[in-house]
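Undergrad: One structure, as structure tokens, below. Some questions next.
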Amino acid sequence: MNLTRLSLSVLLAAALVLAGCSKEHSATDGHDHGDAIHAEPGVTPGSHADWCAEHEIAESKCTRCDPSLVAAFKATHDWCAEHGLPESHCVQCDPRRKSVRPPKSGGE
């Protein structure tokens, strides 16, 4: 009788494990990543919320996320052709150009 209970317990545990493993998981299952990678639409340009964490620049100025911005940077001769981004953002040409995310204000 104990062997039967043990066998049933093992089968039940195996079924639960297999059932749980069959569902797809996302990268955020079970934990919080904190800040989003990209800014939400409609945030104030230059604010803490206006940040592209993927490219470490203000989202409102991120030419990699919004290619429509490229023409404006090129028109003002602010373009690094070698690295494909605004010269004023190019940390490969000058590491001092690294952007720093603005601090949170009271309303954010």
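Count along the sequence shown from 1, add 766, and you get the number used in the numbering used here.
Using N, Cα and C, we set each Cβ at its ideal position, and we do this for glycine too.
Which same chain residues, not among the five before or five after THR829, have their C-beta less than 7 Å away from its C-beta?
TA: Residue 829 sits at position 63 when you count from the first residue of the sequence shown. Here the set comprises LEU835, VAL836, PHE839, LEU851 and PRO852.
Undergrad: Based on the DSSP output, what are the partners of CYS818 in its beta bridges?
TA: Against the sequence shown, residue 818 aligns to sequence position 52. DSSP lists ILE823 as partners of CYS818.
Undergrad: Run through the DSSP bridge pairs and tell me what CYS846 is partnered with.
TA: On the sequence shown, residue 846 is found 80 positions in, with the first residue counted as 1. CYS846 pairs with LEU851.
Undergrad: Does DSSP put PRO878 in a helix, in a strand, or in coil?
TA: A query on residue 878 cannot be resolved here, the shown segment of the chain reaching from 767 to 874 and no further.
Undergrad: By alpha-carbon positions, which one of THR810, TRP845, GLN858 and HIS821 ends up nearest to ILE803?
TA: Looking up residue 803 in the sequence shown gives position 37. The shortest C-alpha separation from ILE803 is found at HIS821.
Undergrad: Could you tell me the alpha carbon to alpha carbon distance between ALA805 and SER854, rounded to whole angstroms?
TA: Counting from one through the sequence shown, the residue named residue 805 turns up at place 39. Counting from one through the sequence shown, the residue named residue 854 turns up at place 88. If you take the alpha carbons of ALA805 and SER854, they lie about 21 Å apart.
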